[in-house]
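Just so we're aligned: 6 in UniProt numbering is position 6 of the sequence shown, and the numbers increase by one with no gaps anywhere.
The beta carbon of each residue, even a glycine, is placed where N, CA and C say it ideally should be.
The model shown is predicted, which means the values in this text are computed figures rather than measured ones.
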Amino acid sequence: MDVGHTVELQLDGMDDISNMSLFDRSVNRSLGSQTDKQIKKLGLSPGDLGGRSTDHFEITLSRFTRGGERATRWTAPRPDHNLSWESAVLENFLTQYRVTDRLDEAPAGDLGAVPPDLAELFRSMAGLTFNDGLYRIHTPRTAADSNEFCARLIQGFADSMYCFGFDWLGRNLAIDMSGRGEPLVVLVEPGAGEYMESGMGIRAFHDETLVEDPTALAAGFFDEWRAAHPEFTRLRYDQCIGCKVPLFLGGEDEVDNLEVVPYDVYWELCVQLRTGVRRMAPGTSIGRIIKASE
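See below:
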């Protein structure tokens with residue numbers, strides 16, 4: 001597609017989008033250069049994406065490479081827990097992360113298609129929220145839903161990967177079972193439309209990476225966002241803090257570009273937008289976003 005060509009993106013089944021302010025704030029401004037991307041213009045008129053056919057926004061697409069992560073440590077006291085498998089295996093993890101909520105949804109034995117490498121994690125920790133929403137463990141149902149989202153976003157995901165958790169930014173943590181050895185943890189980023197590899201197995205990821213490297217879950221960024229929103233208490237299990245403008249559309253990786261949104265709606269929106277722009281050349285302008293019913 002020629003650079004500068006104007007196209008329309010159609011979003012299917014997005015009735016809930018009128019409840020979100022994605023793209024309707026902090027967008028009528030010029031953006032400066034950032035690492036590995038040159039942003040020229042980002043604008044929206046005349047209002048939000050409330051389902052009206054007159055809504056437009058124009059962007060300059062560019063390649064995104066995630067920049068340096070904030071390194072502020074955000075920790076929590078040792079949890080008061082009465083758990084079995086995870087207390088023996090993830091002892092270090094539980095010194096830094098406290099259980100702040102529990103979603104009682106499925107019987108412990110209702111693991112369905114959960115891979116054997118994740119069976120004990122799901123059996124003992126499914127539905128747990130840590131540190132007010134910083135990190136959550138999927139239930140079998142939410143894992144299945146998230147697997148579908150990730151499979152639409154990442155080529156080959158359905159063949160070898162499986163979600164087990166998600167963080168405050170709505171990013172899914174999954175294991176990649178394509179190798180011959182221990183499955184390794186990957187992180188799928190809806191706001192960037194890409195995934196990153198950790199090189200760690202699930203136990204080492206929890207007991208080492210999440211304990212020693214607070215940037216793995218962007219804990220310092222969460223702390224920064226909380227400081228800017230003193231009214232915030234905790235995320236519901238079905239919520240995340242998503243980008244108003246996705247990073248792959250030139251949105252900034254800053255507190256001002258974040259808001260509390262429904263997890264499933266945010267993922268659906270990001271998947272459809274990323275799928276729609278994937279084949280466009282850098283510099284292509286999106287003239288309009290419409291809903292399928294229009």
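* Could you check the C-alpha separation between A151 and E212 for me, to the nearest Å? => 30 angstroms
* Asked: Would D256 be called buried (16 or more neighbouring beta carbons within 10 Å of its own) or exposed?
  -> exposed
* State whether the segment 173 to 185 contacts the segment 194 to 202, with contact taken as three or more CB pairs (one from each stretch) at a distance under 8 angstroms. => yes
* Selected residue, minimal CA-CA separation from I175, among F130, D117, E208, D253 -> D117
* **Sequence-distant residues of its chain with Cβ nearer than 7 angstroms to W225 (five each side left out)** => I241, V255, L258
* **Cα-Cα separation between D207 and Q96, rounded to whole angstroms** => 10 angstroms
* Could you check if M161 is buried or exposed, using at least 16 other CB atoms within 10 Å of its CB as the buried criterion? => buried
* Identify every residue that forms a DSSP beta bridge with T129. => D101, R136
* Measure from the alpha carbon of A113 to the alpha carbon of each residue in F164, R98, A192, then state which is nearest. => F164
* To do: Can you say whether Q272 is buried or exposed, counting buried as having 16 or more other CB atoms within 10 angstroms of its CB?
  => buried
* Hey, how far is the Cα of R236 from the Cα of A158? -> 27 angstroms
* Would you tell me roughly how many angstroms separate the C-alpha atoms of F221 and G276, rounded to the nearest one? => 29 angstroms
* **Extent of the continuous beta strand (DSSP E) run through Q239** => 239 to 243
* To do: Kindly indicate which residue of D223, V261, G250 has the alpha-carbon position closest to the one of P282.
  => G250
* Identify every residue that forms a DSSP beta bridge with P262. => Q239
* From S285, W267, Y195, R278, pick the residue whose C-alpha is nearest to that of F149; which is it? -> W267
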